[in-house]
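Per our numbering, numbering of the sequence shown is gapless, rising by one per residue and ending at 1328.
Just so you know, even glycine gets a beta-carbon here, dropped at the ideal spot from N, CA and C.
Written out below as structure tokens is the structure these notes cover.
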Amino acid sequence: MSGLPIQRDAVDGKNKKSNDETMPESEFPRPLIPRSLLFGNPDRITARISPDGSKISFLAPHNGVLNVWVGPSGDPKSAKPVTSDASRGIRSYAWAFTSRHIIYLQDKNGDENWRIHCVLLDSGEIKDLTPFEGVRSQIQALSPKFPKEAIIGLNKRDPEYHDLFHLNIETGELTPFLENREFAGFDIDDNFHLRMASKMTPDGGTEVFRRTGDSWESFWKVGMEDALTTGTIGFNKAGDRVYLIDSRDRNTAALYIFGLDDAEKELIAEDPRADFGGCMVHPTEKYVQAVAFNYERLHWRVLDPSVAATFDILRQLEDGDMTVVSRTLDDKTWIVAYSVDDGPLRYYFYDRSQKRATFLFTDKEKMQGQPLAKMFPVVIKARDGLDLVSYYTLPKGSDCNGDGRPDRALPMVLYVHGGPWGRDYWGFDPIHQWLANRGYAVLCVNFRGSTGFGKNFINAGNLEWGRKMHDDLVDAVNWAVSSGIADPGKVAIMGGSYGGYATLAGLTLTPHLFACGVDIVGPSNLITLLETIPPYWKPAIEQFTTRVGDFRTEEGRALLKERSPLTYADRIVRPLLIGQGANDPRVKQNEADQIVKAMQEKGLPVTYILYPDEGHGFARPENRLSFYAVAEAFLAEHLGGRFEPIGKDFRG
């Protein structure tokens, strides 16, 4: 750690007089929700049922590290770990259609060079199926028609392009499928036929090609303005029609089905305010049964009468937003998850033939009974009239009349999402709960450029990093102040990835608006950011050059320099905390190093924490705990909130 040290009183929790004066004891609940509960590993998460319905799986700690557990579907409590990862934990896995194999991905200390592993449940053997150093593996297709096989991509021959291979998951045998020298993505049907491929055009759009024999022919083109809201998501059972998300000739992305032979396009579902947000497709018949849209909250639109009654029952089972996360191939058994804003994620088995729901578990049992706060959706008007769907959380006990406004203005943290082509959602958020429990209002804003609200909203963010995208954040802060939520002298900005950039931009472009900032893996120099993207992102480089700025032209470099916080490092007058992973392949360590160096040379306040075993974010729970312990003391020092002493959170 370098830069100015955090005051010992804040770390040790000795400054109780000033802390209590700032946050009267009666206004906020005791005890504090432990950081270890908020940011430690879940008890059980990512529940899945095997395709034949005989087994259940989930991720849970084994020796303190997330691993895959498997047990009989009728007795989940008897599940046992089937993997033995001892480093950053497993976060992505799937059942093979054999129901006897588990496939999972793992990288090395956050480098995102994923390897595909397979667990043979009958023997317990674990195989590394892609044991290639410095190679990024990805699963392209699985099919119930070929249960022991997969189509995968490897950038072994060329780091920029993924060649396709046919993989036997039991033996590990790899057979070349396609040598790829131009495409960024592929569409493969259940028969393992390579039907379509796509590549980015020089203007930032997409061109889709159709496979005809051994050659490719151009099938359709998507302009830059539709590239982030148009794409394919799968085929019908026959493989002659493709499900297409499409925003061409409209604003919000709708779901269509498109004939590959007759080019007929049929609308399935649309929403005037929100883009297509997901769908349920029958596991074997491959027709769409329900479609989701999410403006402020998740909403399912049921299309298939055969599941309408099931949805009616499930909607009454729990409050919160419901998602069917796993199904058997015969579609008789579902695993359903319910997300709420003030409680843990809850999983159920649902037997469709018996119309019976059986509670499985929550992701964090000890979260129940904690003093958790509600999350409020709100639409904030930007200065140019754009609607910004946002969410805020208030400390429990700060709103006595329950009108969604605190009894007095509070210190507030503006928490900015990453991407930037992503979005914030309603639901349980450990950051919101942590900060609210410590006495802060928390505000998340879907600024222009966020996804989910139509192509016009996304494209309004083009070339607006550090300009109108930042203006939206400023407008949201001003709304919170004028609404009596935020104390204008005690507003912090915090975020990861793009949110880290937004933090740095906030402290440089509006240096007196924020009392302090917390940057997690955020870029400081947009030129070096784009010059050092991972090689496998280069086929999609035009997405960045058209939406962020073109580092290959003199004019583009001038724009990128103008929008880079590093250019204005000498304007920073508020304290800054930076967290960075040394192995981050997206936002390299140098992005943090260079702004820390610039600030130190000018004697400006900065605290820098570098994790040698992390990448783009902090996956290891011990690292999360240590960073958020420092962040909590940092915020308490500069905003005056409550804090849990660091204690043992810096071990490891």
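From the options, residue whose alpha carbon lies closest to that of residue i
i	options	result
M1043	G1019, N717, F911, H738	G1019
Y1068	I845, G1095, C1120	C1120
A1033	A1112, R1022, T1204, E1041	R1022
F1133	L904, K1214, A1274, Y1287	L904
P878	I1285, Y1024, R1228	R1228
P710	R1124, A1156, P1106, E1230	P1106
P852	H842, G1293, R1300	H842
Y971	E1218, T759, E946	E946
T1204	L1236, D1027, F715	L1236
A968	K962, G953, E1041, H958	G953
W1155	R1059, R1247, S754	R1059
V1065	K1040, F1104, G1098	G1098
P1215	L714, M1051, P835	P835
T1186	D1017, R1296, G1061, D1246	D1246
N785	G1182, H1108, R1296, V978	R1296
D1100	P948, R973, D804, I721	R973
L1006	V1016, R1028, Y1014, R1124	The residue asked about is misnamed: residue 1006 is Asp in this sequence, not Leu. Considering only alpha carbons, the answer is R1028.
N844	R857, N856, L796	L796
A1181	R1223, K1040, E1238	E1238
E788	F1294, T1184, V1153	F1294
G1115	A1085, G1078, T1184, W790	A1085
Close-in-space but distant-in-sequence residues of the same chain around residue i (CB under 6 Å, 5 per side omitted)
i	result
D1063	V1055
F1326	S1302
K1264	T1208
P1199	Y1177, L1205, V1263, E1267
V1282	G679, L1252, V1272, M1275
W892	F885
T908	D863, V918, L920
Own chain, CB closer than 7 Å to residue i, minus 5 neighbours either side, in chain order
i	result
V1000	M956, W1010, V1012
N1201	S1240, L1242, E1267, Q1270
L870	L854, F862, I864, R887
P1288	A1258
W896	V884
S712	L1301
Burial state of residue i (16 or more Cβ within 10 Å)
i	result
L943	exposed
V1249	exposed
E1277	exposed
T960	exposed
N981	It should be noted that the sequence gives Pro, not Asn, for residue 981. With fewer than 16 Cβ atoms within 10 Å of its Cβ, P981 is classed as exposed.
D938	exposed
S894	exposed
I828	buried
D902	buried
H793	buried
N739	exposed
E1290	buried
Q1046	buried
S1158	exposed
R801	It is Glu, not Arg, that sits at residue 801 in the sequence shown. Its Cβ having fewer than 16 others within 10 Å, E801 is exposed.
S768	exposed
P1087	buried
E1218	buried
Cβ shell of residue i (< 8 Å), same chain only, five flanking positions each side left out
i	result
P1082	L1070, P1071, S1074, D1075, A1117, G1160, I1161
N831	V811, R812, Y837, H838, D839, P1211, Y1212
K941	L920, D922, Y932, I933, F934, G935
R991	M998
N743	L735, A736, P737, P757, V758, T759, S760, D761, G765, I766
T1221	G880, L1206, F1227, R1228, G1232
E697	Reliability fails at E697, whose pLDDT of 36 lies under 50, so the model's placement of it is uncertain and the value that follows must be treated cautiously. Once the five neighbours on either side are set aside, E697 has no close Cβ partner at all.
F715	P1106, W1110, P1297, R1300, L1301, Y1304
T1379	Here the chain has residues from 677 to 1328 only, and residue 1379 is not among them.
I745	The sequence given here has Trp at residue 745, not Ile. Excluding positions up to five away in sequence, the list reads R720, S733, F734, L735, A736, H738, A755, K756, P757, V758.
* Return the chain-ordered ranges of every beta strand (DSSP E) run that is complete within the stretch 1100-1148 and spans a minimum of 3 residues. => 1117-1121
* Asked: Within the chosen definition, does the stretch 1249-1258 reach the stretch 1185-1197 through at least 3 CB pairs nearer than 8 Å?
  -> yes
* **Length at least 3, wholly inside the stretch 983-1015: the beta strand (DSSP E) runs in chain order** => 997-1003, 1009-1015
* On the three-pair Cβ rule with 8 Å, is the stretch 1170-1177 touching the stretch 1089-1096? -> yes
* **Validate contact between the stretch 1308-1322 and the stretch 1166-1173 using beta carbons, cut 8 Å, 3 pairs** => yes
* Asked: Are the stretch 771-788 and the stretch 723-738 touching, with three or more C-beta to C-beta distances below 8 Å?
  -> yes
* Pick out the complete beta strand (DSSP E) segments inside the stretch 790-834, 3 residues or longer, and give them in chain order. => 791-796, 801-804, 813-817, 825-834
* 3-residue-minimum beta strand (DSSP E) runs that sit fully inside the stretch 1230-1279, ordered along the chain -> 1252-1257
* Segments of 3+ residues assigned as beta strand (DSSP E) that fall wholly inside the stretch 1187-1214 -> Segments of the beta strand (DSSP E) lying fully in the stretch 1187-1214: 1192-1196.
* **3-residue-minimum beta strand (DSSP E) runs that sit fully inside the stretch 947-973, ordered along the chain** => 952-957, 964-970
* Whole beta strand (DSSP E) runs in the stretch 834-883 with 3 or more residues, listed along the chain? -> 837-844, 850-854, 861-864, 870-876
* Asked: What are the uninterrupted segments assigned as beta strand (DSSP E) that are 3 or more residues long and contained completely in the stretch 1013-1089, given in chain order?
  -> 1022-1027, 1032-1038, 1051-1057, 1063-1069
* beta strand (DSSP E) segments (min. 3 residues) lying fully within the stretch 904-947 -> 907-911, 917-922, 930-935, 941-945
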